[in-house]
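Chemist:
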Amino acid sequence: MDDVKKLAEELGVSIEGEVKPQVKSLPPLPNVDKWGTVVTRFAPNPDFPIHLGNARAAIISHIYAVMYKGKFILRFEDTDPRIKKPMPEAYDIIREDLKWLGISWDEEYIQSLRMEIYYDYLKKLIKNGYAYVDLCRPEVFRELRNQGKACPHRNEDPSIHLERLDRIFSGEYREGEAVVRIKTDLNHPDPSVRDWVMFRIIDSAKNPHPITMDKYILWPTYNFAAALDDHLMGVTHIFRGREHAVNTVKQMYIYHYFGWRYPEVVNLGRVGLEKTILSKSWIKSQLKTNPGKFMGIDDIRFGTIAALRRRGISAEAIRQIILELGVKGVDALISWENIASINRKILDPISKRVFIVLNPIKVRISNLQTPITIKIPYHPTANLGYREIKLNRPEVFISSSDAEVFKNVGFIRLMEFTNIKLIGHRDSEIVAENIGGDVEYAKKLGAPIVQWVPADNITKVRIIKAEKLRLLKLRSVGEESIKHLSIGEVVQMVRIGFGRIDDISRNIVTIIYTHD
RNA sequence: GCCGCGGUAGUAUAGCCCGGUCAAGUAUGCGGGCCUUUCGAGCCCGUGACCCGGGUUCAAAUCCCGGCCGCGGCACCA
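One rule links them: number in my numbering = place in the first sequence (from 1) + 1.
#1: Taking the beta strand (DSSP E) that Glu108 belongs to, which residues open and close that run?
#2: Skipping 5 residues on each side, what residues in its chain have a beta carbon closer than 7 Å to that of Tyr514?
#3: Using DSSP with H/G/I as helix, E/B as strand and the rest coil, what is Ser400?
#4: Just to confirm, are Leu229 and Ile212 a CB contact at a threshold of 9 Å?
#5: Let me check understanding here. Comparing Cα to Cα, which of Ala66, Asn508, Gly425, Val510 lies closest to Gly235?
#6: Does the contact criterion of 3 or more C-beta pairs under 8 Å hold for the stretch 45 to 54 versus the stretch 93 to 104?
#7: Can you give me the start and stop residues for the beta strand (DSSP E) that Ile314 sits inside?
#8: Can you tell me whether His210 is helix, strand or coil according to DSSP?
#9: Is Trp283 buried or exposed, if buried means 16 or more other CB atoms sit within 10 Å of its CB?
#10: Which stretch, first to last residue, makes up the beta strand (DSSP E) that contains Asp503?
#11: Candidates Glu90, Tyr122, Pro82, Arg57: which alpha carbon is nearest Gly103's?
#12: Using a threshold of 9 Å, state whether the C-beta atoms of Pro449 and Val406 are closer than that.
#13: Alpha carbon to alpha carbon, how far is Lys376 from Tyr110? Give it in angstroms, no decimals.
#14: Which residues share a DSSP beta bridge with Asn435?
#15: Could you please give the first and the last residue of the uninterrupted beta strand (DSSP E) stretch that includes Lys391?
#16: Exposed or buried, what is Leu269 when buried is set at 16 or more other beta-carbons lying within 10 Å of its beta-carbon?
#17: With three or more C-beta pairs closer than 8 Å as the rule, is the stretch 471 to 484 touching the stretch 432 to 445?
#18: Leu305: buried (16+ other C-beta within 10 angstroms of its C-beta) or exposed?
#19: Within the chosen definition, does the stretch 197 to 214 reach the stretch 276 to 296 through at least 3 CB pairs nearer than 8 Å?
#20: Leaving out the 5 sequence neighbours to the left and right, which residues in its chain are closer than 7 Å to Ile343 when beta-carbon positions are compared?
#21: How would you write the range of the alpha helix (DSSP H) that Gln252 sits in, first residue to last?
#22: What do you reckon, are the CB atoms on Phe225 and Tyr119 nearer than 9 Å?
#23: Are the Cβ atoms of Thr38 and Lys85 separated by less than 9 Å?
#24: Measuring alpha carbon to alpha carbon, tell me which of Phe200, Asn458, Lys461, Phe412 ends up nearest Gly447.
#25: According to DSSP, which residues form a beta bridge with Trp36?
#26: Please classify Met214 as buried or exposed, where buried requires at least 16 neighbouring CB atoms within 10 angstroms.
#27: Measure the C-alpha to C-alpha separation of Leu136 and Ala179 and round it to an integer number of angstroms.
#28: Does the distance from the C-beta atom of Val492 to that of Lys353 stay below 9 Å?
#29: Closest to His238 by C-alpha separation, out of Gln370, Val328, Leu288, Ile218, would be which residue?
#30: Could you tell me whether the Cβ atoms of Arg201 and Leu187 are closer together than 9 Å?
#31: From the DSSP output, which residues share a beta bridge with Arg42?
#32: Alpha carbon to alpha carbon, how far is Met416 from Val397? Give it in angstroms, no decimals.
#33: Taking all protein chains shown into account, do 16 or more other C-beta atoms lie within 10 angstroms of the C-beta of Val364, making it buried, or fewer, making it exposed?
#34: For Pro372, which residues of its own chain have a beta-carbon under 7 Å away from its beta-carbon, when the five flanking residues on both sides are left out?
#35: Where does Lys85 fall in DSSP's three states?
#36: Mind the definition here: the stretch 138 to 145 touches the stretch 259 to 266 only if three or more C-beta pairs lie below 8 Å; say whether that holds.
Printed below as a string of structure tokens:
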């Protein structure tokens, strides 16, 4: 042994398997010195729980805040009670998901609770002639805007607009009848930038907001609320999806009018997860039209954080994957192979090993004294304790695929127990003889080492597995100790793969298949 | 159509700003070996990539131009 070590040293090879940190670090942030303290934020829309793509912005923003000893803010952007109506439970689910991901925040804001602030600044903009209340019909405005022409209301005196604003507040206009626009460049190459909408009327009696109910009818758009808040909250670095690129251009106008400095922006590419559904709106519509076909918002075929957690993917694995993607603006499709490999390495040292047999075939063993109790450690090296497997009668189950091998080889080792020799088989039953001996003997015989379960002392196990977009349910049997695991625990089903205990009832344990 | 972003091995990523040290690093996958009472983990070795075409330069993955391909935006959504 020492010779090996010495040789390794001479060759400059490490045989200690020292833990390479391998923690990929993020590149430095631009212009940190010009801002002083780094302030980042994660600003989800609570219309649905967050998914892996959202988590990317959250994790990166949080890590940078920590890296620069700055501040991290959580801000719920819930200013559309009509089209993206907030889901009341989502606020808490998102908070929980973030905590689970290891993200903590220094400040939290909910935009629907900041309406008065938005109105204040809106009035300032109107007063100074930077914004106006537009009474044109949408089609009319669009027509003019596409030609680079001003709508007739644009050049009216600020006092008129202030007055109209009051009338909006008093409910004189209905949805679609008035809108507040910011004055930008009517010849901007991107028509959507031209005098974009800062506020619109939403009939909150018809579409009450879960937090403020029908208190407000004039709602800021994303671009107004986010732009204002980023400044008011002192955000210095913004990480958001590429789809927001134009929004930066739009929001600059507000900053320009107020004389503020726009934060540094990093546009991130979209994240996809192989064979998984990420789109919030898609998931939402599926759950609405086919509720019976799914396991809920955390159905393991979805890419929500809740789903990944339920499947047995660790928060650490998600963080590593996200870190590996870096801060590029290119889209990335994460493969399950990669995620599984990372997750495996995290779970392998800490998860219990248990015996589960798929498609059980009974093996009757002669020359075996029963009852007998076999004590097996839960983990080969980590100290996770032992479980006992009781055999009252000399009969065990092995999987049908192992049974086939047994028939060919003639010998097999029941893992951690004993070696047996094939005597014969009929129908769905194998007859064998206990020949005893240790692992070395099994190796000498060329006997495969397989997991097994006592035939008269089993726990029924249902394994749920995501196969692309289908859900497979595998029926199997496992050792009795499985019943005593805790829900949420991730175990390694020996020679099958990792699985998370999803449910334990008197007669069946449900395990969600994580990955190989 | 218009505006914008990007294209490094099967997949993901480093390098590109500040050309040479890049005959391109890492992870995963794949092939082989070792270890191991798992088809898991670990350890060795190997495999495999700069979208295409021009230009600048002594020198280009890196800079410039053109093309192709992919993606995003063009909402009274975020």
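Backbone N, C-alpha and C define an ideal beta-carbon position, used for all residues, glycine too.
Modeler: By the coordinates alone:
#1: If you look at Glu108, you'll find it in the beta strand (DSSP E) that goes 108 to 111.
#2: For Tyr514, where only same-chain residues beyond five positions count, the Cβ hits under 7 Å are Ile464, Ile465, Lys466, Gly498, Gly500.
#3: Secondary structure at Ser400: strand, using DSSP grouped into helix, strand and coil.
#4: Using a Cβ distance threshold of 9 Å, Leu229 and Ile212 do not count as a contacting pair.
#5: Gly235 has its Cα closest to that of Ala66, out of Ala66, Asn508, Gly425, Val510.
#6: Contact holds: three or more Cβ-Cβ distances are below 8 Å.
#7: Counting along the chain, no beta strand (DSSP E) covers Ile314, and no H or E run does either.
#8: DSSP places His210 in strand when its eight states are reduced to three.
#9: With fewer than 16 Cβ atoms within 10 Å of its Cβ, Trp283 is classed as exposed.
#10: Per DSSP, the continuous beta strand (DSSP E) segment holding Asp503 begins and ends at 498 to 505.
#11: Ranking Glu90, Tyr122, Pro82, Arg57 by Cα distance to Gly103 puts Arg57 first.
#12: Contact flag set, yes.
#13: Taking the straight line from one Cα to the other gives about 54 Å.
#14: Beta-bridge partners assigned by DSSP to Asn435: Ile421.
#15: Run containing Lys391: 387 to 392, per the beta strand (DSSP E) assignment.
#16: Counting the other Cβ atoms within 10 Å of the Cβ of Leu269 gives 16 or more, which makes it buried.
#17: Taking a cut-off of 8 Å on C-beta distances, the stretch 432 to 445 does not touch the stretch 471 to 484, as fewer than three cross pairs fall below it.
#18: Reading the sequence as shown, one finds Thr at residue 305 and not Leu. Label assigned to Thr305: buried.
#19: Too few Cβ pairs lie closer than 8 Å, so no.
#20: Excluding five sequence positions before and after Ile343, the CB atoms of its chain that fall closer than 7 Å to its own CB belong to Ala318, Gln321, Ile322, given in chain order.
#21: For Gln252, the uninterrupted alpha helix (DSSP H) run begins and ends at 246 to 259, by DSSP.
#22: Yes, Cβ-Cβ distance for Phe225 and Tyr119 is below 9 Å.
#23: Their beta carbons are not under 9 Å apart, which means Thr38 does not touch Lys85 by this criterion.
#24: With distances taken between Cα atoms, Gly447 lies closest to Phe412.
#25: As computed with DSSP, Trp36 is found in no beta bridge at all.
#26: Taking all protein chains in view, the Cβ of Met214 is surrounded by fewer than 16 other Cβ atoms within 10 Å, so the residue is classified as exposed.
#27: Between Leu136 and Ala179, the C-alpha separation is close to 5 Å.
#28: Yes, the Cβ-Cβ distance between Val492 and Lys353 is below 9 Å.
#29: Looking at the Cα atoms, Val328 is the closest of the given residues.
#30: If you check the CB distance, Arg201 and Leu187 do not come in under 9 Å.
#31: Bridge partners of Arg42 according to DSSP: Ile74.
#32: Between the alpha carbons of Val397 and Met416 lies a distance of about 12 Å.
#33: Under the 10 Å beta carbon count, Val364 is surrounded by 16 or more other beta carbons and is classified as buried.
#34: Same-chain partners within the cutoff: Lys391, Leu392, Asn393.
#35: Three-state result, Lys85: coil.
#36: These segments do not touch.
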